[in-house]
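>
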Amino acid sequence: DTEVTQTPKHLVMGMTNKKSLKCEQHMGHRAMYWYKQKAKKPPELMFVYSYEKLSINESVPSRFSPECPNSSLLNLHLHALQPEDSALYLCASSQDRYSYEQYFGPGTRLTVT
Amino acid sequence: AQSVTQLGSHVSVSEGALVLLRCNYSSSVPPYLFWYVQYPNQGLQLLLKYTSAATLVKGINGFEAEFKKSETSFHLTKPSAHMSDAAEYFCAVSFSGGYNMVIFGAGTRLAVHP
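First to last, the sequence lines map onto chains A and B.
Number 101 in our numbering belongs to position 101 of the first sequence; there are no gaps in the numbering.
Number 1110 in our numbering belongs to position 110 of the second sequence; there are no gaps in the numbering.
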């Protein structure tokens, strides 16, 4: 299984809502990533988890809260988002944090109203 | 500092014509190079990768790329464009050793017209 899955595919939320994005992989990878992609732009790294521990936080606002409950699962908890946070959120995984190849999921299209 | 430059944010070709998407990188260490394709409202799909083996790399969907160290380039080509090739293409670079970080180019939107 070489697939990274993400749910939901689409999410619309108000600025006062709390929601979560989910990412799952069963490739035995020990590094997982969250990226944010705005329209017509490349993905921007948000967070990196290595062996279920947060390794990199690219100065992301605290309204985004990542969580890695186990080696297969990565969540992104959302609270009090702004309209400018509307974007495609991509999850990726790699064998470990030193591996050069990342596998991407299909993304969650988030719209904040 | 490492970086990736994609020349041309938009490329338009006729169906059946050669596709050439340009990518140049800057790196102080041996790089790993990738091309990803992204169809509308979808995630990134790996087209091909260069990992210091053969300099001519063949990927999926008939694409290939050649690593030229002297030119610090990794251009993507396909001999004959198909309508289904219309998408956004990202060149990316990663580095051996140390903490892996992937740096993406700005992307090139490929349009294919009949």
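Think of the CB as a built atom: it goes at the ideal place given N, C-alpha and C, for glycine as much as any other residue.
Is there a Cβ of chain B sitting closer than 9 Å to that of F47 (chain A), yes or no?
So, not an interface residue.
> Which residues in the same chain have their Cβ closer than 8 Å to the Cβ of M13 (chain A), if we skip the five residues on either side of it in sequence?
These residues qualify, in order along the chain: K19, L78, L81, L110, T111, V112 and T113.
> Less than 9 Å between the C-beta atoms of S1012 (chain B) and A1111 (chain B), yes or no?
It is a contact, given that the beta carbons lie within the stated cut-off.
> Quick check: the segment 1017-1031 of chain B against the segment 1069-1086 of chain B, are at least 3 beta-carbon pairs closer than 8 Å?
Yes, since at least three Cβ pairs between the segment 1069-1086 of chain B and the segment 1017-1031 of chain B fall closer than 8 Å, the two stretches touch.
> Among the candidates A:Y49, A:S65, A:C91 and A:E58, whose CA atom is the shortest distance from the CA of S71 (chain A)?
Of the candidates A:Y49, A:S65, A:C91 and A:E58, the one whose C-alpha sits nearest the C-alpha of S71 (chain A) is A:Y49.
> Looking only at DSSP bridge pairs, what is Y100 (chain A) linked to?
In the DSSP output, where bridge partners are listed per residue, Y100 (chain A) has none listed.
> Quick check for students: name the residue ranges of the beta strand (DSSP E) that lie wholly in the segment 26-54 of chain A, counting only runs of 3 or more.
Whole beta strand (DSSP E) segments, 3+ residues: 31-37 and 44-50.
> Quick check on E1015 (chain B): does DSSP put it in helix, strand or coil?
Note: E1015 (chain B) maps to coil in three-state DSSP.
> Where do the N-terminal and C-terminal ends of the beta strand (DSSP E) with M13 (chain A) fall, by residue?
Element bounds for M13 (chain A): H10 to M13.
> Three-state secondary structure (DSSP) at S62 (chain A)?
It is coil, neither helix nor strand.
> Once DSSP output is grouped into helix, strand and coil, what is the label at P1114 (chain B)?
Looking at P1114 (chain B) - three-state DSSP - the assignment turns out to be coil, as it is neither helix nor strand.
> When we look at the beta-carbon of V1004 (chain B) and count the other beta-carbons within 10 Å, is it buried (16 or more) or exposed?
Buried: at least 16 other Cβ atoms inside 10 Å.
> Could you list the residues in the segment 1037-1051 of chain B with a C-beta less than 8 Å from some C-beta on chain A, going in chain order?
Those residues of the segment 1037-1051 of chain B that come within reach of chain A (Cβ to Cβ, closer than 8 Å) are N1041, Q1042, G1043, L1044, Q1045, L1046, K1049 and T1051.
> Chain B beta carbons: is any one of them nearer than 9 Å to that of Y51 (chain A)?
Not one chain B Cβ lies under 9 Å of Y51 (chain A).
> Cβ of L88 (chain A) less than 9 Å from any chain B Cβ?
Judged by the 9 Å Cβ criterion, L88 (chain A) is in contact with chain B.
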